[in-house]
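According to this note's numbering, the sequence shown is numbered sequentially starting from 6. Some notes on the structure that comes next.
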Amino acid sequence: MRYETTRQIAARPEEVWPVLTDVERWPEWSPTVSSVRALDGGTMRLGARYRLVQRRTPPAVWSVTVFAPGREFTWDTRFLGARMTAEHHLDAADGATRVRLVLSLEGRAAPVLASIVGARMRRFVDIEATALKWRCEP
């Protein structure tokens, strides 16, 4: 399963990036996130791990696997024989920011999990993209 959504945000990437990467504050603006806790302390970086609790889902530990400051980060988690990957991309777009969020589910159990929770996962990605837009726009 792979799902992608984009939003145009009326703010510059350098204004959106700090909001996007301050994941411990996501519960303040994203209705899908209950809590996020850095397990390694400090700011986001390659290899950093976070314990994320989303509504109606079990807690998961996410590890940052791609980190390009100001442009993108990707993190992933593993559970029940599957790997879930979440990509977060920012691109400058005429004085604004184009945000692209991608969620993918891979592995032996992915087809079964996607059939059970795929709709909820897609809805969460859409909600998070819209919430980021609301949080960052003046």
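Cβ atoms here follow ideal geometry from the backbone N, Cα and C, with glycine treated the same way. A quick note: this is a predicted structure, and the numbers were derived from the prediction, not measured.
Your pair V21 and L95 checks out as a contact, with CB atoms roughly 6 angstroms apart and the cut at 8 angstroms.
E19 has its alpha-carbon roughly 7 angstroms from the corresponding atom of G75. For R56 against V66, the beta-carbon gap comes to about 6 angstroms, under 8 angstroms, which counts as contact. For W80, the pairing in a beta bridge is given by DSSP as V69, A91. Within the same chain, and ignoring the five residues on either side of A97 in sequence, the residues whose Cβ sits closer than 6 angstroms to its Cβ are P18. Looking at the DSSP output, V107 bridges to E9, E92. The shortest C-alpha to C-alpha distance from R83 to any of A119, R105, L110 is the one to L110. Per DSSP, the beta-bridge partners of V41 are L57. When DSSP states are grouped into helix, strand and coil, A15 belongs to the coil group. Taking 9 angstroms as the cut-off, the beta carbon of P36 is found closer than this to the beta carbon of R60.
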